[in-house]
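Peer 1: Got a structure for you, written out below as structure tokens; questions coming shortly.
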Amino acid sequence: MTARTPELEADRQALIALIKDEAVFHGDFTLSSGKKATYYVDMRKLTLDHRAAPAIGRIMHDLVTDLDVVAVGGLTLGADPIANAVMHASAGLDKPLDAFVVRKEPKDHGRGRQVEGADVKGKRVVVLEDTSTTGQSALKAVEALRREGAEVVAVAVIVDRKTGAQAAIEDAGLSWYAAIDLDDLGLAPQ
């Protein structure tokens, strides 16, 4: 992916540099899928960092801006800071986006909701993730959103690990978008 404007591409290149310097860890890791890996891309280190979050918001907003959606979010915890960054990046624009959070399970008290934040019923939305290995976290969020009546149109990730998530998302009838891939980071698929 190349950003639409020189400013967004500068954001993207700066984020790639930060990821390489501060969020790629080498060693023996077990991914959430159970797969083994010799490196780990810890995007939470940057989605929660004041230097990276504004650029993440602008980059991810640019990635989904043509999809005619009203809100972004995903499975808590990974998607929360990304959705908030996108919401803030869009706040001063013609079509601001709201954010939502998908809990792993519905609350057992209060209103018993699984999706919090923006009202998604009958609305077009995008599920966000920091990275994805199998796509299962995103698909869990998609399932919960569909139960709430949302029209999920795509899944967008910051870093595509190139390990099958895209195929799983597309097999579910959704579009797949990634801002950065392993080639950008000088890493090989595992």
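In terms of this note's numbering, the sequence shown opens at residue 16 and continues consecutively.
Where is the CB? At the ideal position from N, CA and C, for every residue including glycine.
Being a predicted model, the structure only gives us computed values, none of them experimental.
1) Beta carbon of G107, beta carbon of D145: below 9 Å?
2) Helix, strand or coil: how does DSSP classify G49 here?
3) Would you report the Cα separation of P204 and L197, rounded to the nearest angstrom?
4) V172 and A193: beta carbons closer than 9 Å?
5) What residue ranges within the region 133 to 165 form continuous beta strand (DSSP E) runs of no fewer than 3 residues, ordered along the chain?
6) Which whole-angstrom value describes the C-beta separation of V130 and E163, a residue pair presumed to lie in contact below a C-beta threshold of 8 Å?
7) Which stretch, first to last residue, makes up the beta strand (DSSP E) that contains L90?
8) Out of V170, A180 and L202, state which residue places its alpha-carbon closest to the alpha-carbon of S190.
9) With a threshold of 8 Å on Cβ separation, who are the neighbours of L200 within its own chain once the five nearest residues in sequence on each side are excluded?
10) State yes or no: is the C-beta of I97 within less than 9 Å of the C-beta of G132?
11) Look at the alpha carbon of D134 and the alpha carbon of S147, and state the distance between them as a whole number of angstroms.
12) Identify, in the order they occur along the chain, each residue of the same chain with its Cβ nearer than 8 Å to the Cβ of E120, setting aside the five sequence neighbours on each side.
13) Between which two residues does the beta strand (DSSP E) containing A5 stretch?
14) From L63, T62, H41 and L46, pick the residue whose C-alpha is nearest to that of T53; which is it?
Peer 2: Let's see:
1) Mapped onto the sequence shown, residue 107 falls at position 92. Mapped onto the sequence shown, residue 145 falls at position 130. Taking 9 Å as the Cβ cut-off, G107 and D145 do not qualify as a contacting pair.
2) Residue numbering aside, residue 49 sits at position 34 when the sequence shown is read from its first letter. Three-state result, G49: coil.
3) In the sequence shown, counting from the first residue as 1, residue 204 sits at position 189. In the sequence shown, counting from the first residue as 1, residue 197 sits at position 182. C-alpha separation (whole angstroms): 7 Å.
4) Numbered from its first residue, the sequence shown carries residue 172 at position 157. Numbered from its first residue, the sequence shown carries residue 193 at position 178. Yes. Within cutoff.
5) 139 to 147
6) For this step, residue 130 is matched to residue 115 along the sequence shown. For this step, residue 163 is matched to residue 148 along the sequence shown. With 8 Å as the limit, V130 and E163 qualify as a contact, their Cβ atoms being about 5 Å apart.
7) As a first step, residue 90 must be located in the sequence shown, where it is residue number 75. First-last of the beta strand (DSSP E) with L90: A86 to L90.
8) Locating residue 190 in the sequence shown gives position 175, counting from the first residue. Nearest of V170, A180 and L202 to S190, Cα basis: V170.
9) Walking along the sequence shown from the start, residue 200 turns up at place 185. Cβ neighbours of L200 beyond the five flanking positions: I31, I34, K35, V39, V56 and V174.
10) Locating residue 97 in the sequence shown gives position 82, where the first residue counts as 1. Locating residue 132 in the sequence shown gives position 117, where the first residue counts as 1. The answer is no: Cβ separation not under 9 Å.
11) Along the sequence shown, read from residue 1 onward, the residue named residue 134 stands at position 119. Along the sequence shown, read from residue 1 onward, the residue named residue 147 stands at position 132. Cα to Cα, D134 sits roughly 25 Å from S147.
12) Stepping through the sequence shown from its first residue, residue 120 is reached at position 105. Here the set comprises Q129.
13) Given that the chain is displayed from residue 16 to residue 205, the structure contains no residue 5 and the question cannot be resolved.
14) The residue you call residue 53 lines up with position 38 of the sequence shown. The candidate whose alpha carbon is nearest that of T53 is H41.
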